[in-house]
Amino acid sequence: MVYYHLLGGILMQFNTYLSDPILLEKIYDHGYTTMTKIQQKAIPVILEGRDVIGQSQTGSGKTAAFALPILEGIDVYQKYTQALVLCPTRELCQQTCSEFAKFMEDPEQVVALYGGELITKQWERLEKGCAIIVATPGRLLDHLRKKRVYLQRLSYVVIDEADDMLAMGFAEEMNQLLTYLPSYRQTLLFSATMPRSILNLSKSYQNAPVHIHIEPEHSTASTVTEEVYLAAPHQKMELLLQILLLEDPKSCMVFANTKKQVDEILAFLIDHKKSVSALHGDMSQEARTLVMQRFKNKQFSILVASDIASRGIDIQELDLVINYDIPKELDNYVHRIGRTGRIYHSGKAITFAMPQKMHELEALEKHIKHQLYRMPLPKQKTLDEAVKAQLRNELNTVIEKKEDTMFTSILEEYDAEELASALLQILFSDRKYTAIDLHTKREDEYKEKINFATIRISLGKRDGVAAAHLISAIAEASEISGKQIGKITVRDSESYVEVPLEKVNFILSRIHTITICGKAFGAKLVKNK
Numbered sequence: 002m003v004y005y006h007l008l009g010g011i012l013m014q015f016n017t018y019l020s021d022p023i024l025l026e027k028i029y030d031h032g033y034t035t036m037t038k039i040q041q042k043a044i045p046v047i048l049e050g051r052d053v054i055g056q057s058q059t060g061s062g063k064t065a066a067f068a069l070p071i072l073e074g075i076d077v078y079q080k081y082t083q084a085l086v087l088c089p090t091r092e093l094c095q096q097t098c099s100e101f102a103k104f105m106e107d108p109e110q111v112v113a114l115y116g117g118e119l120i121t122k123q124w125e126r127l128e129k130g131c132a133i134i135v136a137t138p139g140r141l142l143d144h145l146r147k148k149r150v151y152l153q154r155l156s157y158v159v160i161d162e163a164d165d166m167l168a169m170g171f172a173e174e175m176n177q178l179l180t181y182l183p184s185y186r187q188t189l190l191f192s193a194t195m196p197r198s199i200l201n202l203s204k205s206y207q208n209a210p211v212h213i214h215i216e217p218e219h220s221t222a223s224t225v226t227e228e229v230y231l232a233a234p235h236q237k238m239e240l241l242l243q244i245l246l247l248e249d250p251k252s253c254m255v256f257a258n259t260k261k262q263v264d265e266i267l268a269f270l271i272d273h274k275k276s277v278s279a280l281h282g283d284m285s286q287e288a289r290t291l292v293m294q295r296f297k298n299k300q301f302s303i304l305v306a307s308d309i310a311s312r313g314i315d316i317q318e319l320d321l322v323i324n325y326d327i328p329k330e331l332d333n334y335v336h337r338i339g340r341t342g343r344i345y346h347s348g349k350a351i352t353f354a355m356p357q358k359m360h361e362l363e364a365l366e367k368h369i370k371h372q373l374y375r376m377p378l379p380k381q382k383t384l385d386e387a388v389k390a391q392l393r394n395e396l397n398t399v400i401e402k403k404e405d406t407m408f409t410s411i412l413e414e415y416d417a418e419e420l421a422s423a424l425l426q427i428l429f430s431d432r433k434y435t436a437i438d439l440h441t442k443r444e445d446e447y448k449e450k451i452n453f454a455t456i457r458i459s460l461g462k463r464d465g466v467a468a469a470h471l472i473s474a475i476a477e478a479s480e481i482s483g484k485q486i487g488k489i490t491v492r493d494s495e496s497y498v499e500v501p502l503e504k505v506n507f508i509l510s511r512i513h514t515i516t517i518c519g520k521a522f523g524a525k526l527v528k529n530k
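Per our numbering, residue 2 is the first one in the sequence shown, and the count goes up by one each step.
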């Protein structure tokens with residue numbers, strides 16, 4: 002086995018190795034100018050026809066490192082399968098398929114096959130013919146057994162995120178797939194880590210592979226600014242609001258360690274009128290895909306997620322990642338913040354740490370081999386200035402529209418200065434930010450005991466519903482605070498939500514006006530035991 006290690010090197014142009022004029026035009030159209038380190042080492046070796054084991058960090062341009070030489074090496078106009086890419090998850094399938102498509106004249110020549118989508122829809126796409134298939138192992142086996150996919154003329158096989166593939170239990174499926182692959186092929190294996198199981202997989206699939214190991218200069222991308230704020234547990238929600246005010250991100254992910262935290266953060270941000278949604282493991286694949294599509298389309302600006310969502314997500318122009326907690330698995334820190342500061346873009350990652358658990362921060366910094374920037378908690382003057390700036394921007398937007406309204410006559414009844422001051426107080430009274438004092442003790446915000454009633458909703462896990470959806474729906478329909486919602490139980494085909502007893506009739510009268518996960522539903526009061 003040949004090993005290449007790269008710590009530095011001269012940046013090289015893509016046309017050093019690639020010659021297809023259409024491919025080069027697409028590369029430059031998408032803003033790619035010079036090769037990343039993994040591309041610089043992998044592309045020429047792949048073009049030589051060698052098998053490859055590639056290691057590089059998240060966000061290093063790895064997908065293009067195998068996609069570009071494959072597109073150079075196949076005839077993309079021939080409608081038979083010449084390249085196969087295996088991925089562990091649906092999200093990574095979609096991401097990889099999109100990466101290939103953006104470098105092709107005919108994007109329909111690459112087809113993604115994964116579970117959670119009607120298999121008949123995939124048959125229709127396969128019947129048209131395609132040059133490249135990107136698939137999860139299980140769904141590909143389904144198509145092979147039904148003789149809908151033929152791999153006899155395959156030239157390239159890529160196993161992407163191989164460590165995840167084995168960790169998720171795909172070893173048996175991989176062994177079965179091996180029997181369908183032609184013996185004469187080029188096999189490319191990419192993995193973030195290189196445990197013994199990956200080397201065993203390589204022995205089964207590959208012939209004298211070249212091992213390309215790109216040593217990261219840091220464990221995290223140099224394009225990401227990494228900061229840490231110290232705050233007590235009860236102060237973190239308020240700190241989150243303040244960070245969102247000061248950073249004003251157009252696209253932000255907030256990572257939490259548990260599904261319960263995801264739901265709590267979502268409810269809190271909804272209460273504060275933020276454009277937000279959530280993503281975690283209790284959601285069906287269909288619901289997760291819908292949330293990701295809406296986020297990519299900028300239908301909301303903040304996505305709260307658990308770590309199950311941190312791998313395989315490719316969001317362009319994600320400018321801020323917030324770690325509400327230091328992750329329990331330290332490797333997840335790199336995966337989380339790898340969503341920002343991608344190739345040719347800068348980004349910022351902000352982490353909340355607790356003063357009483359400084360050992361967690363020290364362990365993280367030891368793991369990533371550098372310190373995070375210690376940031377002071379925002380001061381009152383800074384917060385006030387940020388609110389004023391936000392207010393000015395919104396007022397300027399309204400003024401620029403120059404729309405006459407039914408309220409114009411009111412200006413004649415009041416002193417203009419007094420009227421403006423009163424209106425600003427009314428409109429922006431909820432935008433009061435108070436600087437956090439790290440040394441203050443917690444005040445119990447919820448001393449008042451709430452009497453609850455239980456509502457049954459006729460949607461459950463089978464419909465893609467999670468607790469976060471129920472909080473969002475009830476808050477939207479009835480305008481009650483998410484803090485006022487009690488226990489939530491989501492079963493297979495139904496859900497139960499505790500709401501304030503004095504507001505239950507109002508909620509039931511309004512909730513039928515909305516949908517949850519795009520579905521209509523029934524809601525009724527359940528008699529308390």
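Yeah, the Cβ is synthetic: ideal placement off N, Cα and C, and Gly gets one too.
Any idea if residue i is buried or exposed, counting beta-carbon neighbours within 10 angstroms, 16 or more meaning buried?
| i | result |
| --- | --- |
| Met359 | exposed |
| Leu86 | According to the sequence displayed, residue 86 carries Val and not Leu. Buried, because 16 or more other Cβ atoms sit within 10 Å of the Cβ of Val86. |
| Asp445 | Low per-residue confidence applies at Asp445: pLDDT is 44, beneath 50, and the placement is therefore not dependable enough to give any value. |
| Asn324 | buried |
| Gly32 | exposed |
| Pro210 | buried |
| Ala365 | Here the sequence assigns Leu to residue 365, which means Ala is not the residue at that position. Buried. |
| Glu265 | buried |
| Met254 | buried |
| Ser307 | buried |
| Pro356 | exposed |
| Leu502 | exposed |
| Gly10 | Caution applies to Gly10, whose pLDDT of 38 falls short of 50 and renders its modelled position unreliable; the model cannot decide the point. |
| Pro196 | exposed |
| Lys349 | buried |
| Glu228 | exposed |
| Ala390 | exposed |
| Gly55 | buried |
Where does residue i fall in DSSP's three states?
| i | result |
| --- | --- |
| Gly487 | coil |
| Tyr230 | strand |
| Ala29 | Per the sequence shown, the amino acid found at residue 29 is Tyr instead of Ala. Three-state DSSP puts Tyr29 in a helix. |
| Ala521 | coil |
| Leu119 | coil |
| Gly348 | strand |
| Ala288 | helix |
| Lys528 | coil |
| Tyr434 | coil |
| Cys131 | coil |
| Phe453 | strand |
| Gln14 | strand |
| Val150 | coil |
| Ile515 | coil |
| Asn176 | helix |
Looking at C-alpha atoms only, which residue of the options is the closest neighbour of residue i?
| i | options | result |
| --- | --- | --- |
| Ile120 | Asp107, Arg146 and Leu190 | Arg146 |
| Lys129 | Lys528, Val112 and Asn394 | Val112 |
| Asn162 | Ser57, Phe104, Asp385 and Tyr206 | Correcting the residue type first, residue 162 is Glu in the shown sequence and not Asn. Glu162 has its Cα closest to that of Ser57, out of Ser57, Phe104, Asp385 and Tyr206. |
| Ser479 | Val491, Arg457 and Thr514 | Thr514 |
| Glu92 | Tyr115, Val77 and Met105 | Tyr115 |
| Gln153 | Ser192, Ser203 and Gln83 | Gln83 |
| Pro183 | Lys204, Ser198, Lys329 and Ser156 | Ser156 |
| Tyr497 | Val150, Ala468, Ala102 and Ile481 | Ala468 |
| Ala193 | Leu179, His212 and Gln187 | His212 |
| Trp124 | Thr137, Asp143, Gly139 and Val53 | Asp143 |
| Leu301 | Met284, Asp320, Lys275 and Glu287 | Per the sequence presented here, residue 301 reads as Phe, with Leu not at that position. If we check each option's Cα against that of Phe301, Lys275 comes out closest. |
| Asp438 | Glu73, Glu106, Pro377 and Leu362 | Pro377 |
| Ala65 | Arg463, Pro45, Lys80 and Glu216 | Pro45 |
| Thr534 | Gly62, Val53 and Ala43 | Outside the displayed range of the chain (2 to 530) lies residue 534, so it cannot be described from this structure. |
May I ask which residues mark the beginning and end of the alpha helix (DSSP H) holding residue i?
| i | result |
| --- | --- |
| Ala65 | Lys63 to Gly74 |
| Met359 | Met359 to Ile369 |
| Thr97 | Arg91 to Ala102 |
| Tyr334 | Asp332 to Ile338 |
Output the boundary residues of the beta strand (DSSP E) element that contains residue i.
| i | result |
| --- | --- |
| Phe171 | Run containing Phe171: none; DSSP gives neither H nor E here. |
| Lys204 | No beta strand (DSSP E) holds Lys204; the alpha helix (DSSP H) holding it covers Arg197 to Tyr206. |
| Val159 | Tyr157 to Ile160 |
| Val505 | Looking at the DSSP string, Val505 is not in any beta strand (DSSP E); the run it does join, the alpha helix (DSSP H), is Val505 to Arg511. |
| Gln187 | Gln187 to Phe191 |
| Leu502 | Looking at the DSSP string, Leu502 is not in any beta strand (DSSP E), and its letter there is neither H nor E. |
| Gly55 | Val53 to Gln56 |
| Phe269 | Not the beta strand (DSSP E): Phe269 falls in the alpha helix (DSSP H), residues Lys260 to Asp272. |
| Ser278 | Val277 to Leu280 |
Is the beta carbon of residue i within less than 8 Å of some heavy atom of the ligand MN?
| i | result |
| --- | --- |
| Thr516 | Although the ligand MN was asked about, the structure shown includes no ligands whatsoever. |
Against chain B, with Cβ distances strictly below 9 Å, would residue i count as a contact?
| i | result |
| --- | --- |
| Tyr434 | Chain labels in this structure do not include chain B; a single protein chain is all it has. |
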